[in-house]
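Chains as they are written, first to last, in this note's numbering: chain A, 1 to 234; chain B, 1001 to 1234.
Glycine is no exception: its CB is placed at the ideal position from the N, C-alpha and C atoms.
Predicted model, so just to flag it, every value in this text is computed and none were measured.
For reference, the structure discussed in these notes is given below.
2 protein chains.
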Amino acid sequence: MEKTRAVTARTSSESTRDIPEATVARLPVYLRALTTLADQGTGTCSSEELAVAAGVNSAKLRKDLSYLGSYGTRGVGYDVDYLRYQIAREIGVTQDWPVVIVGIGNLGQALANYSGFRSRGFRVVALLDADPARHDEVVAGIDVRPFDDLEQIVRDHDVAIGVIATPAVAAQDVADRMVACGITSILNFAPSVLAVPEQVDVRKVDLSIELQILAYHEQRKTQHAADPVEGASA
Amino acid sequence: MEKTRAVTARTSSESTRDIPEATVARLPVYLRALTTLADQGTGTCSSEELAVAAGVNSAKLRKDLSYLGSYGTRGVGYDVDYLRYQIAREIGVTQDWPVVIVGIGNLGQALANYSGFRSRGFRVVALLDADPARHDEVVAGIDVRPFDDLEQIVRDHDVAIGVIATPAVAAQDVADRMVACGITSILNFAPSVLAVPEQVDVRKVDLSIELQILAYHEQRKTQHAADPVEGASA
DNA sequence: TCCGTTTTGTTCTCCCGTTCACAAACTCCT
DNA sequence: AGGAGTTTGTGAACGGGAGAACAAAACGGA
């Protein structure tokens, strides 16, 4: 229902309307590819070049970009810097997003140290852990603080995005607390299904699931290799 | 073309034929949910219960399971242990998969220490790093070894799955070496697009991309909240 | 044994995403 | 200025997945 709302009417402030989810998921990939091209000194690129750099089909790339607007020039291609800015603006990474990370185990530390966040518009404003033994530590130049400080930190820094890197058993509690203090986007690394209100976005990253998917295909490959040619048994 | 091969003919050893990719990606989720249920002492569950535990629609769950075979009992539900075994077998995690991890930075260490691998049919047989300064270290009870040992380790342990946790610039080289010594499945944490031969599977996990997707939706939320009601400007 | 209840397995329809193919538009060269 | 060559933006066809809805099958009680 909500989906067809206002497709004909147009308000002033909208270049952005109704970008498909699949496209949104690829925009960061394009952004990265464009950054690489820019670093190489490329000023202009065709959809084909960018598609190769991003690892996708050029038709798909063009259609994706068309949802943002007409930022290319026919017969020429795309201006790398210009397109990069437009995509960054569309995603929202021209501004700085404050982020809190909860759970400073191995993964939490890796995340805290990950330079890819800072360079892409995210700033880790706090590391939280429930274990008092960790509250003395400094990870990635940031003090580890008690989990109970969450409310205050979220308020002080106007945090909207939280990262959960705790064990599975703690994840739901952490999510509840995050939601309670106004966080509306959660990146969950814990292997558990989170129950959150409708308006809260949750994305899940599960390291072992990815490996299991690979294992499935790997198993099929070796199976097939061992098989005689299909139908030879008849 | 290849896809429609032998859909009518049936060889002896196949319960498994043509499982949709979307389903494959969910099987590990079901597996985890079943393990949780089993730990709680649940012996039997309905598709509805399991669907809730896995965070999916029950119709979708039933359809997914139907690709594996008929492992439920109408009017009763699914036997938790039996279904769990069947899914594990289908994915291929009843056997043990030897895995090598290349790149022992923060992320590599987190991966090496991640208990979720071992408990799910994966065994880290080697940690490799190009930096000689790291070759004395022991991470997660495993010696860090020179990257050049890759060939020998892959041969000795019959490794089919490799994990790349290096910086982006090194990723393609590592992938090439992996492919050269017979690895056919790669899990790539480096933020770069890998070029590999057709028969090699690559899955990519990009931490910052997930955050950017959240940022996009977050931006829209706040934007909409600031907007007057659609059409009120006219 | 038979009927009502429960729950699976499957069919059917709809929608989203991908890809093809082409018209529109821009540049360059003559 | 005009035509040839390029490359974008998009309409249309196609394929696959999601969800609703139902028929088939198992159980339990009388």
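- If the five residues before and after E1048 (chain B) are omitted, its C-beta is found closer than 6 Å to the C-beta atoms of S1058, all from its own chain and listed in chain order.
- Boundaries of the beta strand (DSSP E) harbouring F1122 (chain B): F1122 to D1129, taken from the DSSP string.
- Not a single CB atom of chain B sits nearer than 8 Å to the CB of N57 (chain A).
- Listed in chain order, the positions of the region 1142-1166 of chain B with a beta carbon within less than 7 Å of a beta carbon of chain A are A1160 and I1161.
- Rounded to the nearest whole angstrom, the CA to CA distance from T1023 (chain B) to D201 (chain A) is 23 Å.
- The DSSP-derived three-state label of D1201 (chain B) is strand.
- DSSP places D1206 (chain B) in the coil class of the three-state scheme, outside both helix and strand.
- Between V1093 (chain B) and V1163 (chain B) a beta carbon distance of about 16 Å is seen, past the 8 Å cut, so the two are scored as non-contacting.
- For D1173 (chain B), no CB of chain A lies under 8 Å from its own CB, so it is not counted at the interface with that chain.
- A1025 (chain B) belongs to the set of residues whose beta carbon lies under 8 Å from a beta carbon in chain A.
- For a Cβ distance threshold of 7 Å, nothing in chain B lies close to L34 (chain A): the least Cβ distance comes to about 13 Å.
- Under the Cβ distance rule, T1184 (chain B) counts among the residues neighbouring chain A, one pair being separated by less than 8 Å.
- Taking the beta carbon of R1120 (chain B) as reference, the chain A residues within 8 Å of it are S208, L211 and Q212, listed in sequence order.
- Counting only runs of 3+ residues, the beta strand (DSSP E) found wholly inside the region 1105-1165 of chain B occupies 1122-1129, 1142-1146 and 1161-1164, in chain order.
- Separation of the CB atoms of A1170 (chain B) and V1196 (chain B) is rounded to 15 Å, and the pair is thereby denied contact status at 8 Å.
- Counting only residues of its own chain and dropping the five nearest sequence neighbours on each side, V179 (chain A) has a CB closer than 7 Å to the CB of V196, P197 and V200.
- Per DSSP, the unbroken alpha helix (DSSP H) holding Y67 (chain A) starts and ends at S58 to L68.
- Between the region 1113-1127 of chain B and the region 208-216 of chain A there are three or more C-beta pairs closer than 8 Å, enough to call the two in contact.
- The DSSP-derived three-state label of L187 (chain A) is strand.
- For D1081 (chain B), the enclosing alpha helix (DSSP H) begins and ends at V1080 to I1091.
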